[in-house]
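> Protein sequence lines correspond, in order, to chains A and B.
For the first sequence, position 142 matches number 134 in our numbering, and the numbering has no gaps at all.
For the second sequence, position 135 matches number 127 in our numbering, and the numbering has no gaps at all.
Quick reminder that beta carbons are idealized off the backbone N, C-alpha and C, glycines included.
Note that the structure is predicted; figures quoted are calculated from it, not measured.
2 protein chains.
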Amino acid sequence: MISKNELKLLTSYKHSKYRNEDNIFVVEGIKMTQELLASNFEIIAIYAADDLWITENESYIRSKTIPLHEITTTELQKISSLTTPNKVYCVVKQNENGDVCYENQLTLVLESIKDPGNFGTIMRLADWFGVKTILCSQDCVDVFNPKSVQASMGSIFRVNVIYNNLEGCLQNLPQGFPIFGTLPQNGKNIYDASLSNEGIIIIGSESFGISKEIKAFVNQPLTIPRFSIQKDKPESLNASMATAIILSEFRKRL
Amino acid sequence: MISKNELKLLTSYKHSKYRNEDNIFVVEGIKMTQELLASNFEIIAIYAADDLWITENESYIRSKTIPLHEITTTELQKISSLTTPNKVYCVVKQNENGDVCYENQLTLVLESIKDPGNFGTIMRLADWFGVKTILCSQDCVDVFNPKSVQASMGSIFRVNVIYNNLEGCLQNLPQGFPIFGTLPQNGKNIYDASLSNEGIIIIGSESFGISKEIKAFVNQPLTIPRFSIQKDKPESLNASMATAIILSEFRKRL
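#1: Do the CB positions of P166(B) and T215(B) come within less than 7 angstroms of each other?
#2: For the putative contact between E103(A) and S188(A), defined by C-beta atoms under 8 angstroms, what is the C-beta separation to the nearest angstrom?
#3: Using the Cβ count rule (16 or more neighbours within 10 Å means buried), how would you classify E34(A)?
#4: Looking at the unbroken beta strand (DSSP E) that takes in Q177(A), where does it start and where does it end?
#5: Could you please tell me which residues of the stretch 218 to 241 of chain B, in chain order, have their CB closer than 9 angstroms to any CB of chain A?
#6: By how many angstroms is the C-alpha of I105(B) removed from the C-alpha of A231(B)?
#7: Just to confirm, is the Cβ distance from I71(A) to T3(A) under 7 angstroms?
#8: Can you tell me which of L(-1)(B), G173(B), S(-5)(B) and S186(B) puts its alpha carbon nearest to the alpha carbon of T99(B)?
#9: My understanding is that R116(A) touches P226(B), with C-beta atoms under 8 angstroms, so please give their C-beta distance in whole angstroms.
#10: Per DSSP, what kind of secondary structure is I(-6)(A) in: helix, strand or coil?
#11: What are the partner residues of K85(A), as DSSP defines its beta bridges?
#12: So with CB distances below 9 angstroms, who are the chain A contacts of K124(B)?
#13: Tell me where the beta strand (DSSP E) around N49(A) begins and ends.
#14: Run down chain A in chain order and give the residues with a C-beta less than 9 angstroms from the C-beta of R54(B).
#15: Fully enclosed by the stretch 103 to 183 of chain A, which alpha helix (DSSP H) runs are 4 residues long or longer?
#16: Any beta-carbon of chain B closer than 7 angstroms to the one on K79(A)?
#17: Between the stretch 152 to 170 of chain A and the stretch 113 to 127 of chain A, are three or more C-beta pairs nearer than 8 angstroms?
#18: Starting from the C-beta of L(-1)(B), find all residues in its chain whose C-beta is less than 8 angstroms away, skip the five residues before and the five after it, and write them out in chain order.
#19: Between which two residues does the beta strand (DSSP E) harbouring T215(B) extend?
#20: Taking the beta strand (DSSP E) that I192(A) falls in, what are its first and last residues?
#21: Cβ atoms of L158(B) and S129(B): under 7 angstroms apart, would you say?
#22: Check each residue of the stretch 95 to 112 of chain B: if its Cβ is closer than 8 angstroms to any Cβ of chain A, include it; give the result in chain order.
#23: Starting from the C-beta of C93(A), find all residues in its chain whose C-beta is less than 8 angstroms away, skip the five residues before and the five after it, and write them out in chain order.
#24: Using CA coordinates, which residue listed in P108(B), N181(B), I46(B) and Y39(B) is at the minimum distance from I148(B)?
#25: What are the boundary residues of the alpha helix (DSSP H) that includes Y68(B)?
#26: Closest Cβ-Cβ distance between Y39(A) and chain C: below 7 angstroms?
#27: Would DSSP call T235(B) helix, strand or coil?
#28: May I ask you to list, following chain order, the residues of the stretch 149 to 167 of chain B that have a beta carbon less than 7 angstroms from some beta carbon of chain A?
#29: Can you find a CB in chain B that lies within less than 7 angstroms of the CB of F310(A)?
#30: Flag D184(A) as yes if its beta-carbon sits less than 7 angstroms from any beta-carbon of chain B, otherwise no.
#31: Helix, strand or coil: which one does DSSP assign to I206(B)?
#32: For L1(B) and A143(A), I'd like the C-alpha separation in whole angstroms.
#33: Kindly list the residues whose CB is nearer than 8 angstroms to the CB of P59(B), restricted to its own chain and excluding five residues on each side of it in sequence; keep chain order.
#34: For a contact defined as C-beta to C-beta under 7 angstroms, what are the partners of D43(A) on chain B?
#35: Tell me whether Y5(A) sits in a helix, a strand or coil according to DSSP, three-state version.
#36: Measuring CB to CB, does S140(A) end up less than 7 angstroms from G179(A)?
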């Protein structure tokens, strides 16, 4: 049982406004909580609606001096953003926007990615393919949106996500620093292109691809060839599919 | 304006039970309708809530003798499965489950894929990479689920989707027919493996991968190597990401 006021506060965290006011985000479910506990993120409190889970985890959680509250399934249902809440709900402190180091590594740059599911999937891909940092334009979806958090399947705890003005960041790169981006019209076939292990890979928005302003920075244009049966169909791959194929191509040549 | 009864019928189509009873599915939005009109699918009726769209498309739709109804935005809101309905709503006849021809082509086999978004994305990938047929286990999500239809972005009209008993189908293949599947433990690195342009590619469920029963048929086990910074994390890629990477590898060697 928790107080009416606490229930109200936690329910308000479904909205980014209240999450950002308190500088927190929400992590739900047993598996995600396990990944969270193994991370460096600061956990404000854990709310659990399952006796067995509490028994199994209580001493570890208390040893980390994290407040642990038992709640009812009905309370969990109220505060959860999931259709089927999964036993545990954690309030976690948002981490600070760190600096980006571009040298000797691949960095993903996302422009205007709006779908939280895509965003979460891209974090998971970055994690899988050893990309430490994702730099996002300021109009990308909120990384702490519950759907982004869930779709990342824990990768949100391991990948550094930074929001900044893309033009400003790209302008400051050393002359000739490799900037890759998929341009369907005049990119080089990614399967034949020479790829490097240092550089920026720009992923454009789901609806419009890379904008004209950002395109101007791309010095290594790529394209993912289509092998379809019907000419010119489908029109495109979605942003996370493209990211999967691109990162796979970059990494396999390591 | 449409009658109360018609409104009730269309609203009922949000549920698979009523779609299947009438052997139909629903396609929504201007772009999807455009792809639909270019396909061989039989359109039962089109409901549009936009004067301009009707003016621009009416003569073409009438020339195909498809009933076209003008409805109000409120009516569209009621019958739509989308959060933001997009002007047009079509009732379409479900196509028949055709036969699968496995020879001289790659066929995707999906086992227990439950997420309609993943399913739609996999159709889009199959379409992009020229895979004509997707064979699904009978417990895969409904291909005509509105979320699958939307996520396919029109590829549902170009890819042949068949539900059948997987074991039965795989048993009937000629001896030695290539059956690929990702087995994280003992597969061959997909980047080094010899891949063919004829064969079956099995994609396992989001939660459990390929089942023991189906694994027994895999004679070309593959694995997608992880390049992550933290050992053993993330645990996996999701089913549609894995499909993107696998199909890209198969096709680039054409």
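Taking the structure as given:
#1: no
#2: Rounded, the Cβ-Cβ distance is 21 angstroms, inconsistent with contact.
#3: exposed
#4: That residue, Q177(A), is in no beta strand (DSSP E); it is neither H nor E in DSSP.
#5: R218, F219, S220, I221, Q222, K225, P226, E227, S228, L229, N230, S232, M233, A234, T235, A236, I237, L239, S240 and E241
#6: 8 angstroms
#7: yes
#8: G173(B)
#9: 6 angstroms
#10: coil
#11: I16(A)
#12: I221
#13: Note, N49(A): premise wrong, no beta strand (DSSP E); alpha helix (DSSP H) at D43 to S55.
#14: Residues of chain A passing the Cβ test: none, with the nearest at roughly 25 angstroms.
#15: 108 to 120, 138 to 143 and 158 to 163
#16: no
#17: yes
#18: E67, K70 and I71
#19: Q212 to T215
#20: G191 to I195
#21: yes
#22: G109
#23: T125
#24: P108(B)
#25: Correcting the residue type first, residue 68(B) is Leu in the shown sequence and not Tyr. Note, L68(B): alpha helix (DSSP H), T65 to I71.
#26: No chain C is present in this structure, whose protein chains are A and B.
#27: helix
#28: R150
#29: Absent from the structure is residue 310(A), since the part of chain A shown begins at -7 and ends at 246.
#30: no
#31: helix
#32: 35 angstroms
#33: I36, A37 and I38
#34: Residues of chain B passing the Cβ test: none, with the nearest at roughly 24 angstroms.
#35: coil
#36: no
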